[in-house]
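J.:
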Amino acid sequence: MARGNEIDWDWLQRNQDDIQTYTLQHLRIVAIAVGVAVVIAIPIAVAVRRSRVAYAGALVTSDLLYTIPSLALFAILVPVLGIGDMPVLIGLVAYSMLVLIRNTVVGLRSVPRAVHEAATGMGLTRRQVLFKVELPLALPSIVAGMRVAAVSAVGIATIGVFVGAGGLGELIYNDGINRSSPFLTAVLAGAVIAFVMALLIDLLLLGLERLLKPWARAGRRA
Amino acid sequence: MAALDPAPPGRGPAEVAAGVLELSDLTKRFSAHGRAAVDGISLTVPAGEVCVLIGPSGCGKTTAMRMINRLIEPTSGDIRLDGRSVRDFSPHQLRRRIGYVIQQVGLMPHLTVAANVATVPRLLGWDRERTRARTRELLDLIGLDPDEYGPRYPAELSGGQQQRVGLARALAGDPPLMLMDEPFSAVDPITRERLQNDFLRLHRAVPKTVVFVSHDIDEAVKMGDRVAVMREGRIVQYAPPAELLARPADDFVADFVGADRALKSLSLTRLEDLDLLPAPLVRAGDEVAAVRARLESGELEPLGGTVLVVDPGGRPAAWIPVARLEGQVRVPADAGQADPVLDRITTLRDALSAILESGAAYGTVVDGEGRVTGLVGLDEIGRAIRRPAEVA
Ligand SMILES: Nc1ncnc2c1ncn2[C@@H]1O[C@H](COP(=O)(O)OP(=O)(O)OP(=O)(O)O)[C@@H](O)[C@H]1O
Ligand SMILES: [Mg+2]
Numbered sequence: 087m088a089r090g091n092e093i094d095w096d097w098l099q100r101n102q103d104d105i106q107t108y109t110l111q112h113l114r115i116v117a118i119a120v121g122v123a124v125v126i127a128i129p130i131a132v133a134v135r136r137s138r139v140a141y142a143g144a145l146v147t148s149d150l151l152y153t154i155p156s157l158a159l160f161a162i163l164v165p166v167l168g169i170g171d172m173p174v175l176i177g178l179v180a181y182s183m184l185v186l187i188r189n190t191v192v193g194l195r196s197v198p199r200a201v202h203e204a205a206t207g208m209g210l211t212r213r214q215v216l217f218k219v220e221l222p223l224a225l226p227s228i229v230a231g232m233r234v235a236a237v238s239a240v241g242i243a244t245i246g247v248f249v250g251a252g253g254l255g256e257l258i259y260n261d262g263i264n265r266s267s268p269f270l271t272a273v274l275a276g277a278v279i280a281f282v283m284a285l286l287i288d289l290l291l292l293g294l295e296r297l298l299k300p301w302a303r304a305g306r307r308a
Numbered sequence: 013m014a015a016l017d018p019a020p021p022g023r024g025p026a027e028v029a030a031g032v033l034e035l036s037d038l039t040k041r042f043s044a045h046g047r048a049a050v051d052g053i054s055l056t057v058p059a060g061e062v063c064v065l066i067g068p069s070g071c072g073k074t075t076a077m078r079m080i081n082r083l084i085e086p087t088s089g090d091i092r093l094d095g096r097s098v099r100d101f102s103p104h105q106l107r108r109r110i111g112y113v114i115q116q117v118g119l120m121p122h123l124t125v126a127a128n129v130a131t132v133p134r135l136l137g138w139d140r141e142r143t144r145a146r147t148r149e150l151l152d153l154i155g156l157d158p159d160e161y162g163p164r165y166p167a168e169l170s171g172g173q174q175q176r177v178g179l180a181r182a183l184a185g186d187p188p189l190m191l192m193d194e195p196f197s198a199v200d201p202i203t204r205e206r207l208q209n210d211f212l213r214l215h216r217a218v219p220k221t222v223v224f225v226s227h228d229i230d231e232a233v234k235m236g237d238r239v240a241v242m243r244e245g246r247i248v249q250y251a252p253p254a255e256l257l258a259r260p261a262d263d264f265v266a267d268f269v270g271a272d273r274a275l276k277s278l279s280l281t282r283l284e285d286l287d288l289l290p291a292p293l294v295r296a297g298d299e300v301a302a303v304r305a306r307l308e309s310g311e312l313e314p315l316g317g318t319v320l321v322v323d324p325g326g327r328p329a330a331w332i333p334v335a336r337l338e339g340q341v342r343v344p345a346d347a348g349q350a351d352p353v354l355d356r357i358t359t360l361r362d363a364l365s366a367i368l369e370s371g372a373a374y375g376t377v378v379d380g381e382g383r384v385t386g387l388v389g390l391d392e393i394g395r396a397i398r399r400p401a402e403v404a
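Top line first, the protein sequences correspond to chains B and U.
Just so we're aligned, residue 87 is where the first sequence starts under the numbering used here, counting upward by one.
Just so we're aligned, residue 13 is where the second sequence starts under the numbering used here, counting upward by one.
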């Protein structure tokens, strides 16, 4: 086995299958967490969008969640949810709330007054205004929130290894750091894969954000 | 109950009747003890007429209008459309039958122009084909090519074009009543005048009852069959524009109408009401020999040695000196000057202004299809002023 500061290509090749498994585990955790977070955040945002007090309450609550250190949050959740990916999923959902609620409300509120007035004046019901005007206009902003949430989730999820969630943390910690002498190859592999994963998710969602905004692409002005 | 049925399929636009609008003792107080924003106004707009609400800022015009489509609920009083109280309908059912145009337009930025126009037909449950046909018809009507502009987004239109689309969108469901809150005040004066004329033309083709809020007395005189002058929530005078100019009810109205009432009364008459000067027309492509024969017989009388060339469709192309025909076989299709070209529904005021601005001796008057119907010069306008206006 190669010593500390050289990349051990041979090891990477031998452990190809494990690396792939960890990568997919990681991706799955991030995707589920952000997906669930969106499904929870949008109704909350819709409910609080008109009330300054309720919106402030939602922001403060999610901000408080956000300030809990991730390792501590996962550890707190283990006694309740047990070892595995559940505590990590719940934790990541909690962390995503702040940016998703904020971006959704900002998007919903960005509908110009005149557009709202004209839509109502033409006979759209409140529900129709929400689904046909407010949400479509908020969608790009929601996806922008998803980008931030997903990219940070990729990073935070590496800590999931401490509560037995698997993922790229296995490479970085168990195969890399947690040895008598740290194994650089495994640490780097985990870090690089996480980096590339975050980058690809970001680009993918950026593409989606653009796709959802054909009117802005076409328009000369915002 | 009293749900407004969507017009049955197959019923054409022209058959949708304009409605009689009656406001009775309508009052709105935004706070229990404050001054009433609208204070007991009563007003009847006959079917198919344009009623302009005008008055200083904050006098309650918008509030009065928004009560009609129930964007604001009155504190007391009633509103009837064709004899039925607006309270008999659910607000959104009611609004789908009332066109609504606002100053800031409010086109939905994420929908194409065609989809914006199709909003109300879709809400009314029209089938796809009928909605599509109606959308195209309306874009044509407002002078935007459906194939070019239909797929565009609102951000790709000029302010005037957006305002046109706003108008088309409000007309799409064929509402018997239109509410228009300062619809043309956010565009430049030239665009505004064109929009006003287009609106008047549309209104003639398909009369609807219209409530039109304006800040501008010239616009009110030009657009309104009747004008309601408001002050602090009340109506001070409700009269046809000619009467408003001739006999203001009090000093407030007189002040509001302004000192130059005589000049404003030029807005009461349109070019089509004048005896126009016949235009010395020659058609591009005609044989010069034939033109010469008409000149000799006196049938064609040049003006200042020039004749007006029109294209085969009868639309004005250019003034050319008779001498230019020398040595030609056919009348050339010159691209030149025939300005100003004025639609015959142009008011004398706008026509005078256009003629003075262009420096030309005559304006070329055209009909709805752009065909020359005659000429107007300062003499023609002067004669119309000296003839007393048809004041009641
Ligand atoms: N939603 C509201 N709440 C409280 N007061 C209001 C509200 N809307 C209008 N008002 C008040 O009612 C009065 C009439 O307002 P309105 O908007 O009808 O005026 P307006 O004639 O349309 O003025 P402008 O020409 O400036 O548009 C004003 O004093 C205004 O401040
Ligand atoms: Mg107003």
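All C-beta atoms, glycine included, are put in the ideal place defined by N, C-alpha and C.
With a CB to CB cut of under 6 Å and the five nearest residues on each side skipped, what residues in its chain are close to B/L159?
T.: What you label residue 159 of chain B is simply residue 73 of the first sequence in a count that begins at 1. So the list reads G177, once near-sequence residues are dropped.
J.: Tell me whether U/D362 is buried or exposed, calling it buried when 16 or more other Cβ atoms sit within 10 Å of its Cβ.
T.: What you label residue 362 of chain U is simply residue 350 of the second sequence in a count that begins at 1. By the neighbour-count criterion, in which a residue is buried when 16 or more other Cβ atoms sit within 10 angstroms of its Cβ, U/D362 is buried.
J.: Tell me the DSSP secondary structure of U/I397 in three-state form.
T.: As a first step, residue 397 of chain U is located in the second sequence; it is residue number 385 there, counting from the start. Helix at U/I397.
J.: Closer than 7 Å, Cβ to Cβ, to anything on chain U: give me those residues from the region 213–227 of chain B, in chain order.
T.: V219, P222 and L223
J.: Establish whether the CB of U/H45 and some CB of chain B are separated by less than 8 Å.
T.: The residue labelled residue 45 of chain U in the question sits at position 33 within the second sequence. Not one chain B Cβ lies under 8 Å of U/H45.
J.: Take the Cβ of B/N264 as the centre, count every other Cβ of all protein chains shown within 10 Å, and call the residue buried at 16 or more, exposed below.
T.: Counted from its first residue, the first sequence places residue 264 of chain B at position 178. By the 10 Å Cβ count, B/N264 comes out exposed.
J.: Is the beta carbon of U/A180 closer than 8 Å to that of U/L207?
T.: Taking the first residue of the second sequence as 1, we reach residue 207 of chain U at position 195. Taking the first residue of the second sequence as 1, we reach residue 180 of chain U at position 168. Not a contact, by the Cβ cut-off of 8 Å.
J.: In this structure, does DSSP put U/K276 in helix, strand or coil?
T.: Residue mapping note: residue 276 of chain U aligns to position 264 of the second sequence, counting from 1. Three-state result, U/K276: helix.
J.: Identify the residues that DSSP records as bridge partners of U/I114: which are they?
T.: For this step, residue 114 of chain U is matched to residue 102 along the second sequence. U/I114 is bridged to U/D193.
J.: For a quick check, are the C-beta atoms of B/L298 and B/P226 less than 8 Å apart?
T.: Numbered from its first residue, the first sequence carries residue 298 of chain B at position 212. Numbered from its first residue, the first sequence carries residue 226 of chain B at position 140. Yes, they are a contact pair.
J.: If you count every other CB in all the chains shown that lies within 10 Å of the CB of B/Q102, and 16 or more means buried, which is it?
T.: Here residue 102 of chain B corresponds to residue number 16 of the first sequence, with the count starting at 1. When all chains shown are included, B/Q102 counts as exposed.
J.: Consider the C-beta atom of B/S156 and the heavy atoms of ligand 4; say whether any pair is separated by less than 7 Å.
T.: With respect to ligand 4, the structure shown offers nothing to examine, as its ligands consist of ligand 1 and ligand 2.
J.: The alpha helix (DSSP H) spanning B/W95 covers which residue range?
T.: Your numbering for residue 95 of chain B matches position 9 in the first sequence. Per DSSP, B/W95 belongs to the alpha helix (DSSP H) from W95 to R100.
J.: With DSSP as the reference, label U/V50 as helix, strand or coil.
T.: Counting from one through the second sequence, the residue named residue 50 of chain U turns up at place 38. Of the three classes helix, strand and coil, the one that applies to U/V50 here is strand, per DSSP.
J.: Could you check what DSSP says for B/F269 in three-state terms: helix, strand or coil?
T.: For the purposes of this step, residue 269 of chain B is taken as the residue at position 183 of the first sequence. B/F269 falls in the coil class under three-state DSSP.
J.: Pull up the distance between the alpha-carbon of B/I118 and that of B/L175, whole angstroms please.
T.: By 1-based counting over the first sequence, the position of residue 118 of chain B is 32. By 1-based counting over the first sequence, the position of residue 175 of chain B is 89. Between B/I118 and B/L175, the C-alpha separation is close to 7 Å.
J.: For U/W331, which three-state DSSP category applies?
T.: By 1-based counting over the second sequence, the position of residue 331 of chain U is 319. U/W331: strand per DSSP, three-state reduction.
J.: Show which residues of chain U have a CB atom less than 9 Å away from the CB atom of B/G193.
T.: What you label residue 193 of chain B is simply residue 107 of the first sequence in a count that begins at 1. Ordered by position in chain U, no residue passes the 9 Å Cβ test against B/G193, which lies about 12 Å from the chain.
J.: Looking at chain U, is there any beta carbon in it that lies within less than 8 Å of the beta carbon of B/M208?
T.: The residue labelled residue 208 of chain B in the question sits at position 122 within the first sequence. For B/M208, the answer is yes, since a Cβ of chain U falls inside 8 Å of its Cβ.
J.: What residues match up with U/Q249 in a beta bridge as DSSP calls it?
T.: As a position in the second sequence, residue 249 of chain U is number 237, starting the count at 1. Beta-bridge analysis with DSSP links U/Q249 to U/V241.
J.: Just to check my reading of the structure: U/A396 and U/T281 have Cβ atoms closer than 8 Å, yes? What is that Cβ distance to the nearest angstrom?
T.: Counting from one through the second sequence, the residue named residue 396 of chain U turns up at place 384. Counting from one through the second sequence, the residue named residue 281 of chain U turns up at place 269. The Cβ separation is near 6 Å, so the contact holds.
J.: Using a Cβ-Cβ distance cut-off of 8 Å, determine whether B/A243 contacts chain U.
T.: As a first step, residue 243 of chain B is located in the first sequence; it is residue number 157 there, counting from the start. So, not an interface residue.
J.: To which residues does DSSP link U/L295 through a beta bridge?
T.: As a first step, residue 295 of chain U is located in the second sequence; it is residue number 283 there, counting from the start. Note on identity: in this sequence residue 295 of chain U is Arg, with Leu being the wrong assignment. According to DSSP, U/R295 bridges with U/V322.
J.: Per DSSP, what are the beta-bridge partners of U/D90 in this structure?
T.: The residue given as residue 90 of chain U occupies position 78 in the second sequence. BP columns for U/D90 point to U/S36.
J.: So, does the CB of U/N209 fall closer than 8 Å to a CB anywhere in chain B?
T.: Counted from its first residue, the second sequence places residue 209 of chain U at position 197. By this cut-off, U/N209 is not an interface position.
J.: For U/F224, which residues does DSSP report across the bridge?
T.: Here residue 224 of chain U refers to the residue found at position 212 when the second sequence is read from its first residue. The partner list for U/F224 (beta bridge, DSSP) reads U/V64 and U/M192.
J.: According to DSSP, is U/L9 part of a helix, a strand, or is it coil?
T.: Since the displayed chain U opens at 13 and closes at 404, residue 9 of chain U lies outside it and no answer follows.
J.: Can you give me the Cβ contacts of B/V197 inside the same chain, cut-off strictly under 7 Å, excluding the 5 residues immediately before and after it?
T.: Counting from 1 along the first sequence, the entry for residue 197 of chain B is found at position 111. Around B/V197: V219, E220 and L223.
J.: May I have the straight-line CA-CA distance separating B/L151 from B/S182, to the nearest angstrom?
T.: As a working mapping, residue 151 of chain B is identified with position 65 in the first sequence. As a working mapping, residue 182 of chain B is identified with position 96 in the first sequence. If I take the Cα positions, the gap works out to 10 Å.
J.: Short of 8 Å in beta carbon distance, which residues of its chain neighbour U/G270, apart from the five on each side in sequence? Order them along the chain.
T.: Stepping through the second sequence from its first residue, residue 270 of chain U is reached at position 258. Same-chain partners within the cutoff: I229 and K276.
J.: For a quick check, are the C-beta atoms of B/L167 and B/I245 less than 8 Å apart?
T.: Start at 1 with the first residue of the first sequence, and residue 167 of chain B comes out as number 81. Start at 1 with the first residue of the first sequence, and residue 245 of chain B comes out as number 159. Taking 8 Å as the Cβ cut-off, B/L167 and B/I245 do not qualify as a contacting pair.
J.: Measuring only from the beta carbon, is U/D406 closer than 7 Å to any heavy atom that is part of ligand 2?
T.: For residue 406 of chain U there is no data in the structure shown, the boundaries of chain U being 13 and 404.
J.: Where are the beta strand (DSSP E) runs, 3 residues long or more, that stay fully inside the region 195–225 of chain B, in chain order?
T.: none
J.: I'd like to know if the region 278–287 of chain B and the region 99–116 of chain B are in contact, where contact means that at least 3 CB-CB pairs between them fall below 8 Å.
T.: yes
J.: With 8 Å set as the bound, which would you pick, yes or no: does the beta-carbon of U/P86 sit closer than that to a beta-carbon of chain B?
T.: Position 74 of the second sequence, counting from 1, holds the residue named residue 86 of chain U. No, because no Cβ of chain B sits closer than 8 Å to the Cβ of U/P86.
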